Amino acid sequence: MMKNKHAIFVLLFSLIFTSCKTPNILIADNLQKTATPLEVKGRNGLRIHQVLTYGGFKTGRVKRGWIHSSNLQFILDFQKAKEKFQFKQFTPDSTVSAMVYAVGKFESTNFDFFRGRSNVRFNMALDYKNTFAGTIIPDQSKDNAWEFIVYNPESSFANNGDCGFAKDKLGNEIKIIPVKKIEGQKNWINFANFGFEFQYKNTAIAAVSILNNGRVWIDPNIPATLQMVSSSMASALLLRSNLEEVANNNSLQNQPNANPPRPQKHR
């Protein structure tokens, strides 16, 4: 049964990545009505001087790794993370901006950095090799940084709950919800994440698709700070994710006598 599921999964990805038009992930009705889908530019191709843009949102140049002499506590705590990058995030007209630091494949002891910072329950075994996290430091209020964590970002579990959160020092919280459905597809595809939806006070405010070049939705009516945080997390997930390679690896791992998959390369 599991082999059949993975065969269907890989077949779906073959259709998605060879089609002329990338399908939309299935997002909340209110977000479909208020937000325009923004096509992402800069995700694929050379990583030298990489910059992401979508609509009026953009990043500065993405830097892999960071300066070791920085005294930011988040950076000091995650120096041993195997995946690290940083970038500046800008909202339209550059009215609000933030510095974003993101990490992946970090040591399990670093989970203590996040425990107690949210009402989200850590009720599942967190595999530190498959967890993504970061901090967002607004230029306009550097003393109120947001921290975010996404566990199992390429989850193969058929759950409909949240898979992470972002929270600032004032207690404001955004839930990160995995999106496992695509517009026009039947409900049998529910064991992989095609994107993520961001919810504030149980209302969808933004979403990001990690299929192909990527696509982002951000409610233009939410405050500029929430637009900044949402775009920062969307950009970080787009820079990190490689869902097609994960699909291929999942398929190989369930085939007898298959060669071990090559280590995953992150964008």
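Quick note on this note's numbering: the sequence shown kicks off at 1 and runs consecutively.
The C-beta atom is built at its ideal place from N, Cα and C for all residues, glycine as well.
In this text the structure is predicted, and so the values were computed from the model without any measurement.
The distance from the Cβ of A224 to that of I27 is about 21 Å, inconsistent with a contact at the 8 Å cut-off. Closest option to N193, judged by alpha-carbon separation, among V96, S209 and K201: S209.
For K175, same chain residues with a beta-carbon under 6 Å away, outside a window of 5 residues either side, are D162, F165 and Q199 in chain order.
Taking the CA atoms as reference points, Q79 sits about 29 Å from A207. A residue is called buried when at least 16 other Cβ atoms come within 10 angstroms of its Cβ; K201 does not meet this threshold and is exposed.
Residue pairing by DSSP places S230 in no beta bridge whatsoever. The Cβ atoms of K63 and F90 lie no closer than 7 Å to each other. By the neighbour-count criterion, in which 16 or more other beta carbons inside 10 Å mark a residue as buried, P220 falls on the exposed side.
In chain order, I16, I182, E183, G184, Q185 and L211 place their CB closer than 8 Å to the CB of P23, counting only its own chain and leaving out the 5 sequence neighbours on each side.
Setting aside the 5 residues that flank it on each side, F148 is surrounded in the same chain by G134, A166 and M233, each with a C-beta closer than 6 Å to its C-beta; the list follows chain order. Take the alpha-carbon of S155 and the one of F191: they are about 7 Å apart. Only residues of its own chain outside the window of five on either side were considered, and among them K84 have a CB closer than 6 Å to the CB of G65, listed in chain order. C-alpha of T95 to C-alpha of D29: approximately 28 Å in a straight line. Taking every protein chain shown into account, the CB of E39 has fewer than 16 other CB atoms within 10 angstroms, so this residue is exposed. As a beta-bridge residue in DSSP terms, R215 pairs with E39 and S209.
Straight across, the Cα-Cα distance linking Q227 with K33 is about 17 Å.
Taking every protein chain shown into account, the CB of Q140 has fewer than 16 other CB atoms within 10 angstroms, so this residue is exposed. The DSSP-derived three-state label of P223 is coil. By the criterion of a C-beta distance shorter than 8 Å, R43 is surrounded in its chain by L52, N213, G214, L238, L239 and R267, once the five residues flanking it on both sides are discounted.
Around the beta-carbon of L170, fewer than 16 other beta-carbon atoms lie within 10 Å, marking it exposed. Per DSSP, K58 is one residue of the beta strand (DSSP E) stretching across F57 to T59. Under the DSSP assignment, Q89 falls in the beta strand (DSSP E) whose first and last residues are E83 to F90.
In this structure, A98 sits near P138, with a CB-CB distance shorter than 7 Å. Within the same chain, and ignoring the five residues on either side of H49 in sequence, the residues whose Cβ sits closer than 8 Å to its Cβ are R61. The alpha-carbon of G104 is positioned some 6 Å away from that of K82.
The beta carbon of A236 sits closer than 7 Å to those of V100, A102 and G134, all from its chain and outside the five residues before and after it, given in chain order. CA-CA distance, I218 to I177, rounds to 15 Å.
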